[in-house]
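Numbering (the numbering used here), first residue to last: 1 to 476.
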């Protein structure tokens, strides 16, 4: 008996809205399916997203879809996936036609490499920020930035990966439904991916552009260290950590990686719990990262013996080659590989908006030479604390750029905490002062017993003063 034929997708060969001929299935996810299609009239290949049938049953979801799709169609920056068309089929289903992209997702890159060279990581993040800069200027918040929604593409004439940000506002479309990545909180419904959401998003609060910048900070942290700042098997635990826990500094999580002090600080600033303490817009964030590049090159030069020529060769090769013939269209959290004509891959239109940082190759500035700095303590073994985090113990040595300095604290049990500054090229020893011994209550009682016969009237008054006077009390 012959095997039963595999069921075919009924949408294959179908013409959607009289203008999109469905060719093949790319993949399916929680929000619907994505197909490779051809737009009639223009004879243009597109990625056609057909949302699940149930989405059209809810009038509120349909209204949100049209609102968010219209907003997405206004985004024209070269680092953002373009929406060509959207609407409803004759049967009432919702569809979204987008450019067909070639490349690989950031998820796939991280799976293969673990973490990226810091300069490459900065260049990727800066392109994400350019995309957000345009979207935020139009009042559009992404709400679900994560590696699955970042595509790296190879485009002629570009020596660095070209980033495409996918699925702007898609989380907003399914607000109120239970199929998307969401959780119920006391404040309201939370939409997004817990590993990458901001504290205010985890609490179900109203969001602004700074929430996206926090998510970008999580992405950068993972690119630098290979892991996100907060992890757990339970989504609610990860969300709680975003709300209350302080992330470990990247230089502590990945001490052998060429992460400069300035990049460490910029990464942690983006992850501040209070939005007012983060970067206030994408342009500010991008400029701060640009200032880190020279520091990183100097840092790598000073630590050539640690990182080695092979590592530098590998990271340079990664910066030039991204791979081709991969299409990502995120359906929920799904990523799908495609093949297609490279000529049909979208070119990045840098003229769509003023770039936040230069995109053309420029001659790198001459890197300053790092200087060795040494901090010792007497006695040795004190914890060296930077921004509330222990980063080593004395004797403590660090390569610093000329003009750079670290504001540190030395802590050792039984000794007073000392705050000090370590500058580039400096060698210094800090003398720690031993804490005075705690007074023994028994000796005080012996003094009072000897004094009692001389002052019988004051025998009961003295203990009262000892208890009431905050400067002489024994139990403070």
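The C-beta atom is built at its ideal place from N, Cα and C for all residues, glycine as well.
Predicted model only: the values in this text are computed from it and were never measured.
Classification of residue i by the beta-carbon crowding that lies within 10 angstroms, buried from 16 upward
i, result
"residue 390", "exposed"
"residue 9", "exposed"
"residue 32", "buried"
"residue 134", "buried"
"residue 236", "exposed"
"residue 103", "buried"
"residue 78", "buried"
"residue 297", "buried"
"residue 431", "exposed"
"residue 67", "exposed"
"residue 111", "exposed"
"residue 344", "Any answer about residue 344 is weak, because its pLDDT of 35 lies below 50 and its placement is not dependable; what the coordinates show is given next. Its Cβ having fewer than 16 others within 10 Å, residue 344 is exposed."
"residue 108", "buried"
"residue 428", "exposed"
"residue 222", "buried"
"residue 369", "exposed"
"residue 59", "exposed"
"residue 42", "exposed"
"residue 372", "exposed"
"residue 206", "exposed"
"residue 12", "exposed"
Three-state class that DSSP yields for residue i in the structure shown
i, result
"residue 389", "strand"
"residue 504", "The shown model of the chain, from 1 to 476, leaves out residue 504, and the question about it has no answer."
"residue 138", "coil"
"residue 484", "Outside the shown range of the chain, which is 1 to 476, sits residue 484, and nothing can be said about it."
"residue 131", "helix"
"residue 278", "coil"
"residue 426", "coil"
"residue 65", "helix"
"residue 39", "strand"
"residue 198", "coil"
"residue 215", "helix"
"residue 164", "strand"
"residue 143", "coil"
"residue 284", "helix"
"residue 54", "helix"
"residue 297", "helix"
"residue 378", "strand"
"residue 252", "helix"
"residue 8", "coil"
"residue 193", "coil"
"residue 263", "helix"
"residue 159", "coil"
Closest residue to residue i among the options (Cα-Cα distance)
i, options, result
"residue 65", "47, 88 and 75", "88"
"residue 249", "273, 409 and 386", "386"
"residue 270", "157, 216 and 291", "216"
"residue 220", "285, 372, 78 and 50", "285"
"residue 274", "254, 146, 210 and 252", "210"
"residue 72", "61, 429, 62 and 84", "84"
"residue 119", "435, 436, 292 and 416", "292"
"residue 438", "415, 231 and 371", "415"
"residue 129", "56, 301 and 162", "162"
"residue 86", "114, 62 and 225", "62"
"residue 381", "369, 371 and 396", "396"
"residue 24", "49, 231 and 370", "49"
"residue 142", "299, 369, 198 and 13", "198"
"residue 232", "206, 203, 417 and 195", "195"
"residue 238", "253, 218 and 408", "218"
"residue 266", "254, 300 and 214", "214"
"residue 478", "28, 375 and 36", "With the chain covering only 1 through 476, there is no way to say anything about residue 478."
"residue 38", "116, 287, 53 and 98", "98"
Residue i - partner residues in DSSP beta bridges
i, result
"residue 29", "32"
"residue 398", "373"
"residue 86", "96"
"residue 415", "434"
"residue 105", "151"
"residue 49", "34 and 96"
"residue 73", "Paired residue(s): none; residue 73 is not in a bridge."
"residue 273", "DSSP, once it has assigned bridges, lists no residue as partnering residue 273."
"residue 383", "393 and 411"
"residue 490", "No information on residue 490 is available, as it lies outside the stretch 1 to 476 that the chain covers here."
"residue 20", "16 and 39"
"residue 290", "Beta-bridge pairing links residue 290 to no other residue."
"residue 44", "39"
Closer than 7 angstroms: residue i CB and nearest the ligand SAM heavy atom
i, result
"residue 31", "By its list of ligands, the structure shown contains no ligand whatsoever, and the ligand SAM lies outside what it can speak to."
Min CB distance residue i to chain C below 8 angstroms
i, result
"residue 31", "Looking for chain C here will not work: only one protein chain is present."
Across the region 123 to 141 and the region 236 to 254, are there enough close Cβ pairs to call them in contact, namely three or more that are closer than 8 angstroms?
no
For the region 83 to 97 against the region 259 to 268, do three or more pairs of beta-carbon atoms, one drawn from each stretch, fall closer than 8 angstroms, so that the two count as touching?
no
Determine, using beta-carbon pairs with one atom in the region 422 to 432 and one in the region 280 to 295, whether at least three such pairs fall under 8 angstroms.
no
Three or more C-beta pairs below 8 angstroms linking the region 141 to 153 and the region 225 to 244:
no
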